[in-house]
Each structure stands twice: as structure tokens, then as C-alpha cells.
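One point on numbering: in our numbering, the residue at position 298 of the sequence shown is 320, and numbering is uninterrupted.
By construction, the Cβ of each residue, glycine as well, lies at the ideal position given by its N, Cα and C atoms.
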Amino acid sequence: MDDAADGAGSTSVDAVALGESMVTFVPTRPGRLADVPSFDRAIGGADSNVACALAAFGHTARWVSRVGADGFGEHLVAGVAGYGVDVSAVHRDPTRPTGVYFRTAADRAARTHEVASYRAGSAASAMSVADTDLAAVLAGRVLHLSGITAALSDECLALMRELTASRPGRPLVSFDVNYRPALWRRHPDGPRVLLEPARRADIVFVADDEAREAWGLRGGRAILAALPEPAIVVVKQGRGGATACDKATGAMEDGDGTATFVRAPGVDVVAHVGAGDAFAAGFLSGTLRGLPVRDRLRHGLLFAAAALTSPTDLAPPPTRALADHLAALDDAAWGRLRLAPGWTRTAWAPEEADTP
23 MDDAADGAGS TSVDAVALGE SMVTFVPTRP GRLADVPSFD RAIGGADSNV
73 ACALAAFGHT ARWVSRVGAD GFGEHLVAGV AGYGVDVSAV HRDPTRPTGV
123 YFRTAADRAA RTHEVASYRA GSAASAMSVA DTDLAAVLAG RVLHLSGITA
173 ALSDECLALM RELTASRPGR PLVSFDVNYR PALWRRHPDG PRVLLEPARR
223 ADIVFVADDE AREAWGLRGG RAILAALPEP AIVVVKQGRG GATACDKATG
273 AMEDGDGTAT FVRAPGVDVV AHVGAGDAFA AGFLSGTLRG LPVRDRLRHG
323 LLFAAAALTS PTDLAPPPTR ALADHLAALD DAAWGRLRLA PGWTRTAWAP
373 EEADTP
């Protein structure tokens with residue numbers, strides 16, 4: 023029998039994120055995993071990263087998952103709760119462990135980057151419709167899900183299908199494709215399975231390179247043709263920026279201005295880990311606040327810049343005042359923006375006129 027955290031309930035929040043998080047071990051110095059003598063402990067997980075960023079930005083957020091009834095699970099839950107996230111619907115599994123992974127200090131984009139994950143048979147891989155608090159999951163204005171969860175087990179995939187099913191009063195469903203090749207190698211249908219939850223979502227986040235690798239789709243038109251149902255499809259283009267197509271306004275790349283493209287600001291990158299999760303959090307924050315699509319994209323890019331200028335998987339976003347100020351810049355000023363490590367700690371008040 024699983025033990026749920028005390029106080030689990032269905033109290034409404036701005037956003038709910040469901041998915042696995044793992045304890046992360048980051049080397050204390052560069053080098054191969056075979057040579058590194060010691061590691062620092064941290065937390066990492068696509069969905070909890072989104073919840074933490076939203077909570078740090080002032081939204082109410084809940085993370086739903088399963089962890090082992092072990093010290094690592096306790097560390098994970100405490101770490102996520104430390105950002106102000108509601109963890110009352112996280113279940114403790116007495117028979118399965120909390121997942122862990124080790125990575126090298128080299129950035130994910132480097133050829134020398136290594137990751138060793140130990141998540142097979144983890145507590146989170148046993149998430150299912152039968153023992154997930156669905157009332158708590160569906161009690162947010164936005165429900166954020168990830169393709170990583172769909173890959174963990176057949177039970178997790180069934181849970182994703184249940185949560186993305188059309189039903190009265192369903193929250194706005196956000197789905198980040200988050201394609202991880204290693205997780206799909208043993209699945210008989212491979213990553214094409216991810217098309218199903220993506221097509222059932224209201225907002226989809228997908229990087230142009232992962233759409234190409236997972237589905238063989240090249241360019242915005244091909245991605246939209248494969249995803250005709252979602253109200254908004256956001257295609258991330260790395261250092262180039264991001265494009266959002268709101269189906270209420272028209273098709274991407276049709277040249278009539280109905281698709282919204284925002285160029286990424288200049289960023290002095292420290293590490294790429296967590297940038298995609300941060301982008302989703304920024305865009306969803308703008309969605310919750312009813313901002314125009316351009317400003318949602320700009321907030322997504324600013325949140326991503328916060329992650330890119332930090333060495334950790336989870337970086338606090340800028341203050342709301344600073345983010346709103348930067349997102350409101352005219353196109354010329356936005357184009358000149360250059361963000362370096364520490365930029366999120368810039369003190370800015372609405373009466374100030376200078377850009378950091």
C-alpha cells in the first residue's frame with residue numbers, strides 16, 4: 023500500500039505538473055564519470071522544474087508524482103516544496119526506489135557530456151490511473167505534462183491518456199514533447215506514441231530538432247500538419263528564438279503575420295540543462311496572466327535565459343517586475359538585449375527606466 027503525503031487534496035491552484043523527478047549528482051570537478059571522485063546532490067525533473075519556476079514567479083503550483091519511501095525521496099519532496107510548490111499529492115512507494123542520475127560537469131551540448139540514469143523500476147514509473155489522486159491533478163487552471171512520463175511504463179502512458187482525454191471542465195492541458203531517445207528504444211512504437219498526447223493537448227511545446235528526430239518532421243508547416251488539434255503550438259528554435267501559432271489566428275509560415283516569432287535575446291550560456299522546462303514555465307506564466315502571445319514567448323525566453331546562465335538544472339526566474347519590464351521593450355531594445363550570469367538578480371523597480 024502506498025503512503026500519500028499528509029494533507030493531499032483537490033484545492034485549486036494555478037498550475038499542476040505531473041511527472042518523475044530524480045535526485046541529481048553533479049561532479050565537483052570536470053572529467054569523465056569514471057574519474058570524478060565526488061558529487062554534489064541536487065534535484066532534477068522536467069515537470070517539477072516547471073512547477074518550481076512558476077511558484078518562484080508568484081503562481082500557485084502543485085507537483086504530483088511518486089517517490090520511494092527513502093532518503094532520496096524525502097530530499098526530492100523537501101527540495102520541491104522549498105520553492106513554494108504544493109507536494110501534498112506526492113505518493114511514497116514503500117517497495118520501489120526514487121530514481122537517481124549522475125552527469126558530468128560538461129554541458130549537455132558538449133561531446134564529452136555523460137549521463138548515467140538509474141530510473142528503471144523507480145517509484146515514479148509505477149504511476150497509474152488507479153493510484154493517482156486525479157482530483158488533485160485536475161484541480162489546476164493548467165495541467166502540464168511531459169513526454170518523459172509517457173515513456174516510463176505502460177501504466178504511465180495509460181495515465182497520460184486518461185489525463186489528456188476530453189472531459190467537461192478539463193483544465194488547459196500543456197504538453198512538452200521532451201523527447202529523450204534513450205527512453206524510447208525499447209518501446210515497440212517508439213516516439214511516434216508522443217503524437218497522441220500532443221494532439222490531445224491545448225498547448226504543445228516542441229523543439230524543431232526533436233520534431234525532426236522523433237517524427238521526421240521538418241519545419242513549422244510539417245509540425246502543424248501533424249498537430250492539427252492543439253489551440254497553440256510553440257516551436258522552439260534554439261538560439262534563434264521561438265514561434266507560436268495560435269490556431270484561432272492562422273497557420274505558421276504563411277507570411278501574413280498570424281504566427282508570432284520572437285528572436286531569443288543574446289545569452290552568455292553557462293549550461294543548457296533545464297532551459298526547455300524554464301521556457302515552458304515562462305510561457306505558461308504569461309498564459310495564466312492573459313498576456314499577448316508575443317509577451318508569452320518573451321517570458322518563455324527570459325525564463326530560459328535564467329536557466330542558461332546558471333550551472334544547475336533548476337534556476338530561479340527573474341523577478342516579475344524585471345521580466346515584465348524586459349518583455350515590454352520595443353523590438354530594437356529587445357534585439358540589443360544581452361543577458362549574462364547573475365542578470366536575474368538585477369534590482370529593478372517600475373519607476374526605473376534603464377535596461378540591465
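Taking a 10 Å sphere around the C-beta of D299, we find 16 or more other C-beta atoms and assign the residue as buried. Ranked by how close their Cα comes to the Cα of V295, the residues P49, S332 and V45 have S332 in first place. Taking the Cβ atoms as the reference, V195 lies roughly 5 Å from L165, within the contact range of under 8 Å. In the three-state DSSP reduction, G262 falls in the helix class (H, G or I). Unbroken beta strand (DSSP E) runs of no fewer than 3 residues, entirely contained in the segment 168 to 226, are found at 194 to 198, following chain order.
Burial check for E235: the Cβ neighbour count within 10 Å stays below 16, so the residue is exposed. Contact between the segment 317 to 326 and the segment 57 to 67 is absent: fewer than 3 CB-CB pairs across the two stretches fall below 8 Å. Taking 8 Å as the cut-off, the beta carbon of V255 is found no closer than this to the beta carbon of V284.
Within the segment 70 to 138, complete beta strand (DSSP E) segments of at least 3 residues are found at 83 to 86, 88 to 90, 113 to 115 and 122 to 125, given in chain order. According to DSSP, residue pairing for T282 in a beta bridge involves A266.
Secondary-structure assignment with DSSP links D353 through no beta bridge to anything.
In the DSSP assignment, V315 falls within the alpha helix (DSSP H) that extends over V315 to L330. Per DSSP, the unbroken beta strand (DSSP E) holding T46 starts and ends at M44 to P49. Look at V295 here: in three-state DSSP terms it is coil, with no helix or strand label. Only residues of its own chain outside the window of five on either side were considered, and among them L217, W237 and L239 have a CB closer than 7 Å to the CB of A248, listed in chain order. In the pairwise beta carbon analysis, the segment 106 to 124 is classified as not touching the segment 183 to 202: fewer than three pairs are separated by under 8 Å. Under DSSP, I254 takes part in a beta bridge, and its partners are I225 and D268. The DSSP-derived three-state label of R63 is strand.
Restricting attention to P190, S43, P52 and A233, the CA atom closest to the CA of A145 is found in S43. The C-beta of R88 has 16 or more other C-beta atoms within 10 Å across all chains shown, which makes the residue buried.
Secondary structure note for A233: it is in no beta strand (DSSP E), and the uninterrupted alpha helix (DSSP H) holding it is D230 to W237. By the beta-carbon neighbour count (other beta carbons within 10 angstroms, threshold 16), G90 is buried. Checking the DSSP bridge columns, you'll see L361 partnered with V289. Collapsing the DSSP output to three states places V159 in a helix.
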